[in-house]
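Top to bottom, those sequences are chains A and B. For what it's worth, the working numbering labels the leading residue of the first sequence as 1, then goes sequentially. For what it's worth, the working numbering labels the leading residue of the second sequence as 1, then goes sequentially. The block underneath contains the structure these notes are about, expressed in C-alpha cells.
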Amino acid sequence: MDIVLRAAAVFVLLFVVTRTIGRRELGQLEPFDVILLVVMGDLIQQGVTQSDYSLTGTALAVSTLAVMTVAVSYLSFRVRRLRPILDGEPIVLIHDGRPVEANLRRERITMEELRSQARLAQVLSLDDVACAVLETGGKISFIPRRAG
Amino acid sequence: MPEPPTPVTRSAGLSAARHRDLAGRSYEPWVRRAIVAIFLTLVALGLANVFGQRATTSSASGAAAELTLEVPDRLRGGIIGQGTIEVRAVERIAKPRLVLDPGWIDGMTINTISPAAADEGSDEGRPVLAYGELAAGDTLTVRISYQVNPTDLGSQPGGVVLLDGDREIARVQRTVIVFP
Numbered sequence: 001m002d003i004v005l006r007a008a009a010v011f012v013l014l015f016v017v018t019r020t021i022g023r024r025e026l027g028q029l030e031p032f033d034v035i036l037l038v039v040m041g042d043l044i045q046q047g048v049t050q051s052d053y054s055l056t057g058t059a060l061a062v063s064t065l066a067v068m069t070v071a072v073s074y075l076s077f078r079v080r081r082l083r084p085i086l087d088g089e090p091i092v093l094i095h096d097g098r099p100v101e102a103n104l105r106r107e108r109i110t111m112e113e114l115r116s117q118a119r120l121a122q123v124l125s126l127d128d129v130a131c132a133v134l135e136t137g138g139k140i141s142f143i144p145r146r147a148g
Numbered sequence: 001m002p003e004p005p006t007p008v009t010r011s012a013g014l015s016a017a018r019h020r021d022l023a024g025r026s027y028e029p030w031v032r033r034a035i036v037a038i039f040l041t042l043v044a045l046g047l048a049n050v051f052g053q054r055a056t057t058s059s060a061s062g063a064a065a066e067l068t069l070e071v072p073d074r075l076r077g078g079i080i081g082q083g084t085i086e087v088r089a090v091e092r093i094a095k096p097r098l099v100l101d102p103g104w105i106d107g108m109t110i111n112t113i114s115p116a117a118a119d120e121g122s123d124e125g126r127p128v129l130a131y132g133e134l135a136a137g138d139t140l141t142v143r144i145s146y147q148v149n150p151t152d153l154g155s156q157p158g159g160v161v162l163l164d165g166d167r168e169i170a171r172v173q174r175t176v177i178v179f180p
C-alpha cells in the first residue's frame with residue numbers, strides 16, 4: 001500500500017510542478033533542462049520505491065502512475081470546467097501583428113525569443129502574424145495574415 | 001469591458017476576451033506565485049533543519065555523572081545516521097546501564113553499537129545496554145549507527161536513561177520525528 005500512496009503523492013507533486021514552472025520552460029527544453037529532468041526522475045524514483053528492488057514494487061508504482069495519468073486525462077475530457085486547471089488555456093501573444101505585452105510579460109517571453117520562434121515557424125516578420133498563441137503544451141503557434 | 005471576439009481569434013477557436021485580454025484569468029499568476037511560495041517555504045524549512053537530519057545535542061547531569069546525547073531528532077525514511085551517547089562519570093559507577101527509548105529501535109535498523117555492550121536486556125520493552133564499571137573521571141562513549149526503515153513515520157520518544165544498576169543517575173528526554 002505504501003508504494004501506491006508514494007507514487008500517487010509524487011504524481012500530484014509532479015503535476016503541480018509542471019503546471020507551476022511555466023509552460024514555456026517545458027515547451028522548449030534546453031540541454032540543461034533535459035539533464036535536470038533526468039536528475040529529477042532519479043530523485044523521484046528513490047522517493048517512490050525507496051529500498052524496494054522488487055518487480056512487484058516496480059509494477060505497483062508504474063501502474064499507479066498510469067492509472068492517475070489516465071484518470072486526469074479522462075477528467076479533462078469529461079469535465080469541461082476542469083480543463084483550464086488540468087490542461088491550462090492558450091494565451092494570445094500577438095494579435096493583428098502587435099505583441100500583447102502584458103501576456104508576454106506574464107509568460108516571461110522576450111521579444112527576441114518570440115522573433116526566434118517566429119523564424120523557426122518560417123515567419124519573416126511579426127507584422128505578418130495575425131495571431132500568435134502560446135499553446136497549453138508550451139509551443140507557440142503562428143497564424144499568418146491572409147494573403148491579399 | 002473586453003472587446004468582442006475578432007475574426008482572427010474566433011476563427012482560430014480562441015476568444016479575444018479570454019485568451020488575449022485574459023478576462024477572468026487574473027487569478028492564475030497568483031495561484032502560480034502561491035505554489036512557488038510553498039516550494040520556497042519547503043526549501044527554507046529544509047535548510048532550517050525542520051526535516052532533519054542535523055544532529056543536536058542534549059545533556060543531563062546527575063550527582064554521579066553527566067549524560068550527553070548527540071543525535072538527529074528529525075529523520076526521514078531510509079536515511080542512515082549515527083547517534084552518540086557520552087557518559088562522564090563524576091563518581092564511580094559500578095554498573096552503568098543505558099536504557100534506550102523506543103525511538104531508537106522501533107522502525108529502525110540498528111547497524112552497529114560501538115562499543116558493544118557487555119550485556120543486553122530489556123526494561124518494559126526498552127533495550128538496555130550494560131557496560132563495565134566506570135571510575136570517577138572516566139568517559140564512556142557509545143556510538144549507534146542506524147538506518148530509518150522506509151515505512152517508519154510519526155514521532156516517538158528517543159531519549160536515554162543512565163542507570164547505575166537500578167538507580168537512575170541521569171535522563172535525557174528527546175522526541176524523534178520521522179518524516180515520510
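Using N, Cα and C, we set each Cβ at its ideal position, and we do this for glycine too.
In this structure, the beta-carbon distance from A/V92 to B/R20 falls below 9 Å.
Contact of A/V12 with chain B by beta-carbon distance below 9 Å is absent, the smallest such distance being about 12 Å.
Look at B/G77 here: in three-state DSSP terms it is coil, with no helix or strand label. Taking the Cα positions, B/I110 is about 6 Å away from B/S145. Judged by beta-carbon spacing, A/P90 lies within the 9 Å limit of A/E135, meaning their Cβ atoms are closer than that value. Between B/G83 and B/I169, the gap from beta carbon to beta carbon reaches 9 Å or more.
The beta carbons of B/L100 and B/V178 sit no closer together than 9 Å. The C-beta of A/E101 comes no closer than 9 Å to any C-beta of chain B. Pairing A/L60 with B/R97, the inter-Cα distance amounts to about 46 Å. Below the 7 Å Cβ cutoff, chain B contributes P29 as neighbours of A/R106, in chain order. The C-alpha of A/V12 is placed about 14 Å away from the C-alpha of B/I38. Taking a 10 Å sphere around the C-beta of A/L29, we find fewer than 16 other C-beta atoms and assign the residue as exposed. In the structure shown, the three-state DSSP call for B/D123 is strand. Not a single C-beta of chain B is nearer than 9 Å to the C-beta of A/D87. Bounds of the alpha helix (DSSP H) holding A/M40 are 31-49. Considering only A/D42, A/A7, A/T20, A/L14, the residue with the shortest C-alpha distance to A/R106 is A/T20. For B/E133, no beta strand (DSSP E) segment is defined, and its DSSP state is neither H nor E.
Taken through DSSP and simplified to helix, strand or coil, B/V176 comes out as strand. By alpha-carbon distance to B/R171, the top candidate from B/I105, B/W30, B/I79, B/A64 is B/A64. Per the coordinates, the alpha-carbon of A/V123 lies some 29 Å from the alpha-carbon of A/T18. Looking at the DSSP output, A/F142 sits in a beta bridge with A/A132.
Closest in C-alpha terms to B/Q173, from the list B/G78, B/L47, B/G159, comes B/G159. At least one beta carbon of chain A lies nearer than 9 Å to the beta carbon of B/G77. Below the 7 Å Cβ cutoff, chain A contributes D2 as neighbours of B/T151, in chain order. Residue-level contact check: B/V142 does not touch chain A, since none of the beta carbons of chain A fall below 9 Å from its beta carbon. The Cβ-Cβ distance between B/P157 and B/G81 does not fall below 9 Å. For B/F179, the closest Cβ of chain A is not nearer than 9 Å. A straight line joining the alpha-carbon of B/A23 with that of A/L55 spans about 50 Å.
Residue contact check for B/A23 against chain A: no CB pair falls below 9 Å.
Cβ contact annotation for A/Q117 (same chain, cutoff 7 Å, sequence separation greater than five): I140, in chain order.
Close partners of A/Q122 in chain B (Cβ separation under 7 Å) are lacking, with about 18 Å as the shortest Cβ gap.
Contact residues of the stretch 34-63 of chain B toward chain A are I35, V36 (C-beta to C-beta distance below 7 Å).
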